[in-house]
Amino acid sequence: MNHVLSSYQSKFIITFSLVGILSTLTFGVYVHLSNGKTLYALFELFLVLIATFNLFVFHYKRNYELASNVILILMVLILSFLLYTGGHRGTGLVWVYTFPLLSFFLKDHRSAFLWNLLLIISAVLLLVFDRFGLIDIYYDYITLRQAFGAYLAVMLLSFFYSLIISRLIKTLQEKAVKDPLTGLYNRAFTFETLSKLASVLSRSGGTTYCLIYIDLDNFKKVNDTYGHETGDKVLVDFANLLSTKFRKGDVIGRFGGDEFVIIAHNCNRENLEARLEELRREVEKRFASYRISLSYGVVEFPSEGNDPDVLIYLADSRMYEMKRSRKE
Numbered sequence: 025m026n027h028v029l030s031s032y033q034s035k036f037i038i039t040f041s042l043v044g045i046l047s048t049l050t051f052g053v054y055v056h057l058s059n060g061k062t063l064y065a066l067f068e069l070f071l072v073l074i075a076t077f078n079l080f081v082f083h084y085k086r087n088y089e090l091a092s093n094v095i096l097i098l099m100v101l102i103l104s105f106l107l108y109t110g111g112h113r114g115t116g117l118v119w120v121y122t123f124p125l126l127s128f129f130l131k132d133h134r135s136a137f138l139w140n141l142l143l144i145i146s147a148v149l150l151l152v153f154d155r156f157g158l159i160d161i162y163y164d165y166i167t168l169r170q171a172f173g174a175y176l177a178v179m180l181l182s183f184f185y186s187l188i189i190s191r192l193i194k195t196l197q198e199k200a201v202k203d204p205l206t207g208l209y210n211r212a213f214t215f216e217t218l219s220k221l222a223s224v225l226s227r228s229g230g231t232t233y234c235l236i237y238i239d240l241d242n243f244k245k246v247n248d249t250y251g252h253e254t255g256d257k258v259l260v261d262f263a264n265l266l267s268t269k270f271r272k273g274d275v276i277g278r279f280g281g282d283e284f285v286i287i288a289h290n291c292n293r294e295n296l297e298a299r300l301e302e303l304r305r306e307v308e309k310r311f312a313s314y315r316i317s318l319s320y321g322v323v324e325f326p327s328e329g330n331d332p333d334v335l336i337y338l339a340d341s342r343m344y345e346m347k348r349s350r351k352e
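Numbering-wise, the sequence shown is residues 25 to 352 according to this note's numbering.
1) Kindly identify the DSSP beta-bridge partner or partners of D282.
2) By how many angstroms is the C-alpha of C234 removed from the C-alpha of F325?
3) Per DSSP, which residues does K202 bridge with? Please list them.
4) Taking G321 as part of the beta strand (DSSP E), name the residues at either end of that continuous run.
5) In chain order, what residues of the same chain have a beta carbon less than 8 Å from the beta carbon of V274, not counting five sequence neighbours either side?
6) In terms of residues, what are the limits of the alpha helix (DSSP H) holding L49?
7) Please classify V258: does DSSP put it in a helix, a strand, or coil?
8) Between which residues of its own chain and T109 is the CB-CB distance below 7 Å, once the five residues before and five after are set aside?
9) So what does DSSP say about V120, is it helix, strand or coil?
10) Do you know how far the Cα of K194 is from the Cα of E345?
11) Classify D248 as buried or exposed, calling it buried when 16 or more other Cβ atoms lie within 10 Å of its own Cβ.
12) To the nearest angstrom, report how far apart Y165 and G173 are at their CA atoms.
13) Does G173 come out as helix, strand or coil in the three-state DSSP assignment?
14) Which of the three DSSP states is assigned to Y163 in this structure?
15) List the endpoints of the continuous alpha helix (DSSP H) containing D248.
16) Per DSSP, what kind of secondary structure is Y114 in: helix, strand or coil?
17) Have a look at M99, D340, S146 and flag the residue whose alpha-carbon is nearest the alpha-carbon of G387.
18) For G277, write down the residues that DSSP places opposite it in a beta bridge.
19) For N242, count the other beta carbons within 10 Å of its own beta carbon; 16 or more makes it buried, fewer makes it exposed. Which is it?
20) Per the DSSP calculation, I238 is bridged to which residue(s)?
21) With 16 as the cutoff for other CB atoms within 10 Å, does F128 come out buried or exposed?
22) From R6 to W119, what distance separates their C-alpha atoms?
23) Could you tell me whether the segment 31-42 touches the segment 70-86, where touching means 3 or more Cβ pairs closer than 8 Å?
24) Which whole-angstrom value is the C-beta distance of F213 and V224, which I expect to be below 8 Å?
25) Does the beta-carbon of S228 have 16 or more other beta-carbons within 10 angstroms, so that it is buried, or is it exposed?
26) Applying the criterion that 16 or more other CB atoms from any shown protein chain within 10 Å of the CB defines a buried residue, is V323 buried or exposed?
27) Taking the straight line between their C-alpha atoms, what separation do you get for K131 and L205?
28) Which residue's Cα is closest to the Cα of I188: L218, H133, Y209, L141?
29) V53 to F215, Cα distance in whole Å?
30) Starting from F82, trace the alpha helix (DSSP H) in both directions and tell me its first and last residue.
31) Between the alpha carbons of N330 and L218, how many angstroms are there, rounded?
32) Determine the extent of the alpha helix (DSSP H) in which S104 is found, giving its start and end residues.
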């Protein structure tokens, strides 16, 4: 989800920069030169050069944070300049209302709020300098006061819209990667994480990870005897127990039914085996009335392979070997 949003934001940076550069050259630099205001034209030309350089850097480096910060700095400067000069025939004030929309699209709602605060401070300073006779801004106090009220309305609307969208995106992200019953990661996310880790470790090595495949023994009898509602409660309780037994950085996922997969980083096989045996004893105690236990299989990677399908197969096979040996 973030990848999709970032893609649109990146395209917007390129489009907005090109439109802004051409607009400033046409309606700013050219108009000021035509009116004999060379100093104004040079200032806007300087901003155009910075925007052009920023666009080239973004094209090659793809540093979104840097590019968006430069764009917002340039916008604060150009909008402050328009408040001071009035722009073409006093229309400069109109462009100020675009800033909340721009900032809340490029940044998260907290950062965007601070950027808007920066523009407001800049406008207040211009007004203070005008009151002390240091400069002579184009607009009178009444016009700026009314404009400020309208600006606050646009900013607040943009703020709450951005807040709502960010929370919706977060909710959708969680639903995309989480198992709806247990709240653990789902099969797709767990496998994708395993694939990425295996690929990275195949090139760099160093860190040892363990893949743990867990299956609940006798769980089917719970569903058959007590019903699926009771079975779901058992799965949720077991998922909560798993979350307390592994570290925050470990990936714990439900692979389907009563099968769970854990990707444990910086794995120490001996300590892990002891932890899993402790987990088994606690499961047998907690779910004694259902006679539930667990079997597991452990695979280390990259030492035992890098192919995610092979790693899953090995861990699954070892889990079934344990299950058969315990039945015997």
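Glycine included, each C-beta is placed from N, C-alpha and C at the ideal position. None of the values given here were measured: they were computed from a predicted structure.
In this structure, then:
1) Here residue 282 refers to the residue found at position 258 when the sequence shown is read from its first residue. Note: D282 sits in no beta bridge, so no partner.
2) As a first step, residue 325 is located in the sequence shown; it is residue number 301 there, counting from the start. As a first step, residue 234 is located in the sequence shown; it is residue number 210 there, counting from the start. If you take the alpha carbons of F325 and C234, they lie about 6 Å apart.
3) Locating residue 202 in the sequence shown gives position 178, counting from the first residue. Answer is Y209.
4) Residue 321 sits at position 297 when you count from the first residue of the sequence shown. Segment 317-325, the beta strand (DSSP E) holding G321.
5) Numbered from 1 along the sequence shown, position 250 holds the residue referred to as residue 274. Note on identity: in this sequence residue 274 is Asp, with Val being the wrong assignment. Cβ within range, chain order: I286, I287, A288, H289.
6) To locate residue 49, count along the sequence shown from 1; it is residue 25. Premise fails: L49 is in no alpha helix (DSSP H) and is neither H nor E.
7) One-based indexing of the sequence shown puts residue 258 at position 234. Here V258 sits in helix by DSSP.
8) Sequence index remark: in the sequence shown, residue 109 carries index 85 (1-based). Taken in chain order, the residues that qualify are Y64, G116, Y162.
9) Reading the sequence shown from its first residue, position 96 is the one you call residue 120. Secondary structure at V120: coil, using DSSP grouped into helix, strand and coil.
10) Residue numbering aside, residue 345 sits at position 321 when the sequence shown is read from its first letter. Residue numbering aside, residue 194 sits at position 170 when the sequence shown is read from its first letter. In a straight line, the C-alpha of E345 is about 40 Å away from that of K194.
11) Translated into positions along the sequence shown, residue 248 becomes position 224. Classified as exposed, D248 has fewer than 16 neighbouring CB atoms from the shown chains inside 10 Å of its CB.
12) Numbered from 1 along the sequence shown, position 141 holds the residue referred to as residue 165. Numbered from 1 along the sequence shown, position 149 holds the residue referred to as residue 173. C-alpha separation (whole angstroms): 12 Å.
13) Stepping through the sequence shown from its first residue, residue 173 is reached at position 149. If DSSP states are grouped into helix, strand and coil, G173 belongs with the helices.
14) Mapped onto the sequence shown, residue 163 falls at position 139. For Y163, the secondary structure class from DSSP, reduced to helix, strand or coil, is coil.
15) Translated into the one-based positions of the sequence shown, residue 248 becomes position 224. First-last of the alpha helix (DSSP H) with D248: 243-250.
16) Translated into the one-based positions of the sequence shown, residue 114 becomes position 90. The sequence shown places Gly at residue 114, rather than the Tyr named in the question. Residue state, collapsed to three classes: helix.
17) As displayed, the chain neither begins before 25 nor continues past 352, which places residue 387 out of reach and without an answer.
18) Numbered from its first residue, the sequence shown carries residue 277 at position 253. Paired residue(s): Y209, V285.
19) For this step, residue 242 is matched to residue 218 along the sequence shown. By the neighbour-count rule (16 or more Cβ atoms within 10 Å), N242 is not buried but exposed.
20) The residue you call residue 238 lines up with position 214 of the sequence shown. F284, Y320, per the DSSP bridge assignment.
21) Stepping through the sequence shown from its first residue, residue 128 is reached at position 104. Buried: at least 16 other Cβ atoms inside 10 Å.
22) The structure shown does not extend to residue 6, since the chain spans only 25 to 352, so no value can be given for it.
23) yes
24) Translated into the one-based positions of the sequence shown, residue 213 becomes position 189. Translated into the one-based positions of the sequence shown, residue 224 becomes position 200. Between V224 and F213 the Cβ distance is about 17 Å, and since that is not below 8 Å, they are no contact.
25) Position 204 of the sequence shown, counting from 1, holds the residue named residue 228. S228 comes out exposed.
26) The residue you call residue 323 lines up with position 299 of the sequence shown. V323 comes out buried.
27) What you label residue 131 is simply residue 107 of the sequence shown in a count that begins at 1. What you label residue 205 is simply residue 181 of the sequence shown in a count that begins at 1. Rounded to whole angstroms, K131 to L205 spans 33 Å at the Cα level.
28) Sequence index remark: in the sequence shown, residue 188 carries index 164 (1-based). Comparing Cα-Cα distances from I188 to each of L218, H133, Y209, L141, the minimum goes to H133.
29) On the sequence shown, position 29 is the one that residue 53 refers to. On the sequence shown, position 191 is the one that residue 215 refers to. Whole-angstrom Cα-Cα distance: 55 Å.
30) If you number the sequence shown from 1, residue 82 lands on position 58. Its alpha helix (DSSP H) spans residues 62-85.
31) Within the sequence shown, numbered from 1, the residue matching residue 330 stands at position 306. Within the sequence shown, numbered from 1, the residue matching residue 218 stands at position 194. When rounded, the distance between both Cα atoms is 9 Å.
32) Here residue 104 is taken as the residue at index 80 of the sequence shown, counted from 1. Segment 88-109, the alpha helix (DSSP H) holding S104.
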